[in-house]
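Visitor: Offset between the sequence shown (1-based) and this note's numbering: plus 17.
One structure, as structure tokens, below. Some questions next.
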Amino acid sequence: MRKKPKASVVIPVLNRRTLIARSLQSVASQSWRPLEIIVADNGSTDGTYEEALSLADFLSGEEIRISVIRHSE
């Protein structure tokens, strides 16, 4: 039996704390598994990075892996 390839989704973000939850939940609700989501925060100053980290802990599981990367600019 062939193994299904992993899908990776990259979400670049800058100062979108109010939208990051909806974005992550939308991607995580897709049926493709296994799924890797990478949030690339580009120096947000409104708490986007912290919100993304919190959501990553909540939404990650056996079939969904969420990584949050913070860039200084």
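Note that beta-carbon positions come from the ideal geometry of N, C-alpha and C, so glycine has one too.
Quick check on Glu79: does DSSP put it in helix, strand or coil?
Guide: Reading the sequence shown from its first residue, position 62 is the one you call residue 79. Correct three-state label for Glu79: coil.
Visitor: For Val27, count neighbouring Cβ atoms within 10 angstroms of its own Cβ and tell me buried if that reaches 16, exposed if not.
Guide: For this step, residue 27 is matched to residue 10 along the sequence shown. Classification for Val27: exposed.
Visitor: How is Glu68 classed by DSSP in three states: helix, strand or coil?
Guide: Here residue 68 refers to the residue found at position 51 of the sequence shown. If DSSP states are grouped into helix, strand and coil, Glu68 belongs with the helices.
Visitor: For Glu79, count neighbouring C-beta atoms within 10 Å of its own C-beta (all shown protein chains included) and say buried if the count is 16 or more, exposed if not.
Guide: Within the sequence shown, numbered from 1, the residue matching residue 79 stands at position 62. Result: exposed.
Visitor: Measure the alpha-carbon distance for Pro29 versus Pro51 and round it to whole angstroms.
Guide: Taking the sequence shown and counting its residues from 1, one reaches residue 29 at position 12. Taking the sequence shown and counting its residues from 1, one reaches residue 51 at position 34. Approximately 20 Å, taken between the alpha carbons.
Visitor: On the premise that Asp58 lies in contact with Ile86, defined as a C-beta separation below 8 Å, what is that separation, rounded to the nearest angstrom?
Guide: Position 69 of the sequence shown holds residue 86. Position 41 of the sequence shown holds residue 58. Sure, about 7 Å apart at Cβ, within 8 Å.
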